[in-house]
Amino acid sequence: MSNYFKIFLIFGGFFFLLNSCDKSIALDSKKDSSASIRKEVAINPDGKMLTIKGGDYQPFYGEDSTSVPVSDFLLDEKPVTNKEYLDFVMKNPKWKRSNVKEVFADETYLKDWENDETLPKDADPEAAVTFVSWFAAKAYAKSAGKRLPTLDEWEYVAMSDETSQNARNKPTYSAHLINLYNEKDREKNPVKISKPNYWGVYNMFDLVWEWTDDYNSIMTTSDSRTAEFDDKGLFCASAATSTTDVLNYASFMRYAFRSSLKANYTVGNLGFRCAKDLQK
Amino acid sequence: MKRIITSFVLAILTLQACKQNPTESSSNTTENANMDIKVSGETETQNKLDPPKVPAQILDRAAKKVVVNLIATEEEGELADGVTYKFWTFNSTVPGTFIRIRVGDEVELHLKNASNSVMPHNIDLHAVNGPGGGAEATNVAPGKEAIFNFKALNPGLFVYHCAAAPVPLHIANGMYGLILVEPEGGLPKVDREYYIMQGEFYTKGKTDEKGLQEFDQDKGLDERPTYVVFNGKKNKLMGADALEAKVGETVRMFVGNGGPNLVSSFHVIGEIFDRVYVEGGTTINKNIQTTVIPAGGAAMVEFKVEEPGNYLLVDHSIFRAFNKGAIGTLKVTGEKNEKIYHKVQ
Numbered sequence: 001m002s003n004y005f006k007i008f009l010i011f012g013g014f015f016f017l018l019n020s021c022d023k024s025i026a027l028d029s030k031k032d033s034s035a036s037i038r039k040e041v042a043i044n045p046d047g048k049m050l051t052i053k054g055g056d057y058q059p060f061y062g063e064d065s066t067s068v069p070v071s072d073f074l075l076d077e078k079p080v081t082n083k084e085y086l087d088f089v090m091k092n093p094k095w096k097r098s099n100v101k102e103v104f105a106d107e108t109y110l111k112d113w114e115n116d117e118t119l120p121k122d123a124d125p126e127a128a129v130t131f132v133s134w135f136a137a138k139a140y141a142k143s144a145g146k147r148l149p150t151l152d153e154w155e156y157v158a159m160s161d162e163t164s165q166n167a168r169n170k171p172t173y174s175a176h177l178i179n180l181y182n183e184k185d186r187e188k189n190p191v192k193i194s195k196p197n198y199w200g201v202y203n204m205f206d207l208v209w210e211w212t213d214d215y216n217s218i219m220t221t222s223d224s225r226t227a228e229f230d231d232k233g234l235f236c237a238s239a240a241t242s243t244t245d246v247l248n249y250a251s252f253m254r255y256a257f258r259s260s261l262k263a264n265y266t267v268g269n270l271g272f273r274c275a276k277d278l279q280k
Numbered sequence: 281m282k283r284i285i286t287s288f289v290l291a292i293l294t295l296q297a298c299k300q301n302p303t304e305s306s307s308n309t310t311e312n313a314n315m316d317i318k319v320s321g322e323t324e325t326q327n328k329l330d331p332p333k334v335p336a337q338i339l340d341r342a343a344k345k346v347v348v349n350l351i352a353t354e355e356e357g358e359l360a361d362g363v364t365y366k367f368w369t370f371n372s373t374v375p376g377t378f379i380r381i382r383v384g385d386e387v388e389l390h391l392k393n394a395s396n397s398v399m400p401h402n403i404d405l406h407a408v409n410g411p412g413g414g415a416e417a418t419n420v421a422p423g424k425e426a427i428f429n430f431k432a433l434n435p436g437l438f439v440y441h442c443a444a445a446p447v448p449l450h451i452a453n454g455m456y457g458l459i460l461v462e463p464e465g466g467l468p469k470v471d472r473e474y475y476i477m478q479g480e481f482y483t484k485g486k487t488d489e490k491g492l493q494e495f496d497q498d499k500g501l502d503e504r505p506t507y508v509v510f511n512g513k514k515n516k517l518m519g520a521d522a523l524e525a526k527v528g529e530t531v532r533m534f535v536g537n538g539g540p541n542l543v544s545s546f547h548v549i550g551e552i553f554d555r556v557y558v559e560g561g562t563t564i565n566k567n568i569q570t571t572v573i574p575a576g577g578a579a580m581v582e583f584k585v586e587e588p589g590n591y592l593l594v595d596h597s598i599f600r601a602f603n604k605g606a607i608g609t610l611k612v613t614g615e616k617n618e619k620i621y622h623k624v625q
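In the order they appear, the protein sequences are chains R and B.
With the working numbering applied, the first sequence has no gaps in its numbers, which climb one by one up to 280 at the end.
With the working numbering applied, the second sequence has no gaps in its numbers, which climb one by one up to 625 at the end.
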């Protein structure tokens, strides 16, 4: 009997340890990330923000009947530029390349910059900043008194082309985007050269992929073909069988891209723009 | 108290039983006895060889650890003379580098995504037993690298391909290749081996319309290819790039079909396949004129060449061969043998 009890204790202890391990790691990272994001020195980027009138929108993933309300909000008219990000880094030295911690930005953070305070030699200051992590993007937004757009907000605006608010059903919509996406080194071009969309928003597709606040909340399972529920997702997440629009290849690409990311990743064609709640 | 302990123990036992069930049932089959093959010797890193070349035969070497390096790239290349296309590749060739291992080998596969890629990529190897054939473990952003291990359990010739969304586009742009898992003792020795893979391309412009061609989604959906080619380019294995053999030699061709849509009717004009490893598996069929290779499938064909001359490799859905590019040449040199073939008048 006492032997059984011992075994029970050992097992119990083991599981308890395992669990507490998990928890302490989670706690640590939470503490760290909030600490780093909290104390940003304010910046005042001069780019315009545009009012986006909310509405119901049909996410790319989920049941046919799933419609998600998006409230009115403000969105940057363009992605954050090299020049703006440099200003942020100068005022917030902990986000300089040599100071940043690997948990917040991996080893390619601002990789193409000359040094901590100099943009890449051949870079246009008005081009979108890239090689920035999700943590960095969030910190920037915070210091600008803004936030990152949610995935729903971003995709809601992405429904528009130059003339209509919802261009998803136009046969050319996806094909056009695929061609934009297939363009190499497009991230080197300056912002606001191409035409704005229905809302007056520039460069949703033609320069960089963009971080969203909840980039990984709805995602294709990393194997995009299984029709399995992904525990990270709100909906049944499968690129192949559970999307509402199986021919929208451009959306597939965005979702596939997001699902390949981790929050500390920095990628050569991945930037961001900021959003803000509308004051009522 | 006792009851709690009993139920706890029971729960653990049930859990254990659950865990063991699948392994028990699978080890009953002969294939998965390969699970117990031990690896030994030095780790081999596979070299990048461009198709139609393949690594040397494995013969009777023991199972070992093998490192495979693949880089996903997006680059412009020639789809036909004067026609360019933005290919997506494994190791900069279509098809990707031929991977050659044996049963029991333990592969450490590194998939890098080139830093100037626009898209994420991954790899699904049909030779892998595991979720997504590795796709789940390797979904990799531009500039990043994914690594996963697998043990080769089933011998045969298998397709690998990218399975990132949208899957049809990644395959249609050229992201496929072959992996050969040789059986214990290796495949019989032959004189020549070649690697050929069929695939279709869907472009906005018509066949042979010059310049950079865009992908055409509608044509892909309708399964109406502009090009059907061997090894990534129209008429690729013709002229200077023709395959070669000498009279009396035995030739083995590893023939795959990346699709994305069509089934190939692989035929060599003027030859009969002495042996076909049907669908790339273990069954050998003999004396075959044309073998069917499904999309996402492969076959090994072997034949002895008896007579000099040029032998055309075709998809015998013959418009594809003569109009869309699924054609190549095997150039055989050596002594004529009038008994076998002789033009009388």
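Ideal Cβ positions, reconstructed from N, Cα and C, are used throughout, including at glycine.
Proximity to residue i [Cα-Cα], best of the options
i                     : options                    : result
residue 72 (chain R)  : R:119, R:124, R:54         : R:54
residue 130 (chain R) : R:83, R:39, R:99, R:248    : R:83
residue 438 (chain B) : B:423, B:540, B:425, B:459 : B:459
residue 115 (chain R) : R:268, R:139, R:90         : R:90
residue 627 (chain B) : B:392, B:319, B:590, B:409 : Not covered by the structure: residue 627 (chain B). The range shown for chain B is 281 to 625.
residue 433 (chain B) : B:561, B:391, B:496, B:334 : B:561
residue 278 (chain R) : R:41, R:179, R:50          : R:50
residue 578 (chain B) : B:378, B:624, B:485        : B:378
residue 206 (chain R) : R:39, R:86, R:269, R:124   : R:269
residue 620 (chain B) : B:371, B:476, B:551        : B:551
residue 602 (chain B) : B:490, B:337, B:508        : B:508
residue 431 (chain B) : B:462, B:449, B:419        : B:462
residue 414 (chain B) : B:440, B:485, B:393, B:399 : B:440
residue 95 (chain R)  : R:119, R:140, R:74, R:59   : R:140
residue 420 (chain B) : R:276, R:86, R:260         : R:260
residue 616 (chain B) : B:341, B:448, B:527        : B:527
residue 614 (chain B) : B:606, B:622, B:587        : B:587
Where residue i meets chain R, residues with beta-carbon distance less than 8 Å
i                     : result
residue 420 (chain B) : 260
Helix, strand or coil at residue i [DSSP, three-state]
i                     : result
residue 169 (chain R) : coil
residue 451 (chain B) : helix
residue 418 (chain B) : helix
residue 109 (chain R) : coil
residue 426 (chain B) : strand
residue 592 (chain B) : strand
residue 457 (chain B) : strand
residue 76 (chain R)  : strand
residue 209 (chain R) : strand
residue 332 (chain B) : coil
residue 45 (chain R)  : coil
residue 497 (chain B) : helix
residue 181 (chain R) : helix
residue 312 (chain B) : helix
residue 584 (chain B) : strand
Amino acids of chain R, ordered along the chain, whose beta-carbon sits closer than 7 Å to that of residue i
i                     : result
residue 516 (chain B) : Ordered by position in chain R, no residue passes the 7 Å Cβ test against residue 516 (chain B), which lies about 23 Å from the chain.
Interface partners of residue i on chain B, CB under 8 Å
i                     : result
residue 271 (chain R) : Within 8 Å Cβ-Cβ: nothing; residue 271 (chain R) doesn't reach chain B, min ~13 Å.
residue 257 (chain R) : 399, 400, 421
Residues that residue i contacts on chain B, provided the C-beta gap is smaller than 7 Å
i                     : result
residue 182 (chain R) : 366, 398
residue 175 (chain R) : 497
residue 267 (chain R) : 421, 422, 423
Closer than 9 Å at the beta carbon, the chain R residues around residue i
i                     : result
residue 449 (chain B) : 178, 249, 252, 253
8 Å Cβ cutoff, residue i in contact with chain A
i                    : result
residue 51 (chain R) : No chain A is part of this structure, whose protein chains are labelled R and B.
With 7 Å as the limit, tell me which residues of the segment 366–400 of chain B have their beta carbon closer than that to any beta carbon of chain R; keep them in chain order.
366, 395, 396, 398, 399, 400
How do the segment 197–215 of chain R and the segment 149–164 of chain R stand: do at least 3 beta-carbon pairs fall below 8 Å, yes or no?
yes
Three or more C-beta pairs under 8 Å: does that hold for the segment 545–556 of chain B against the segment 566–574 of chain B?
yes
Segment contact flag, the segment 142–152 of chain R with the segment 361–379 of chain B, C-beta cutoff 8 Å, min 3 pairs
no
Would you call the segment 341–348 of chain B and the segment 501–521 of chain B touching, i.e. three or more CB-CB distances under 8 Å?
no
Got a sec: which bits of the segment 484–503 of chain B sit with their beta carbon under 8 Å from any beta carbon on chain R, in order along the chain?
494, 495, 497, 501
For the segment 413–430 of chain B against the segment 467–481 of chain B, are there 3 or more C-beta pairs whose distance is under 8 Å?
no
Counting beta carbon pairs with one atom in the segment 531–549 of chain B and one in the segment 592–608 of chain B, are three or more of them shorter than 8 Å?
yes
Note down, in chain order, all residues in the segment 115–142 of chain R with a beta-carbon under 8 Å from any beta-carbon belonging to chain B.
none
Residues from the segment 337–358 of chain B in contact with chain R, defined by Cβ distance under 9 Å:
354, 355, 356
So if I threshold CB-CB distances at 8 Å, which residues from the segment 426–446 of chain B count as touching chain R?
443, 444, 445, 446
Inter-stretch contact at 8 Å, needing at least 3 Cβ pairs: the segment 94–102 of chain R / the segment 248–258 of chain R:
no
Contact list for the segment 92–110 of chain R against chain B, Cβ threshold 9 Å:
106, 108
Is there contact between the segment 382–389 of chain B and the segment 162–171 of chain R, where contact requires at least three CB pairs shorter than 8 Å?
no
Whether or not the segment 393–413 of chain B and the segment 178–195 of chain R are in contact is what I'm after, with contact meaning three or more pairs of Cβ atoms, one per stretch, closer than 8 Å; do they touch?
yes
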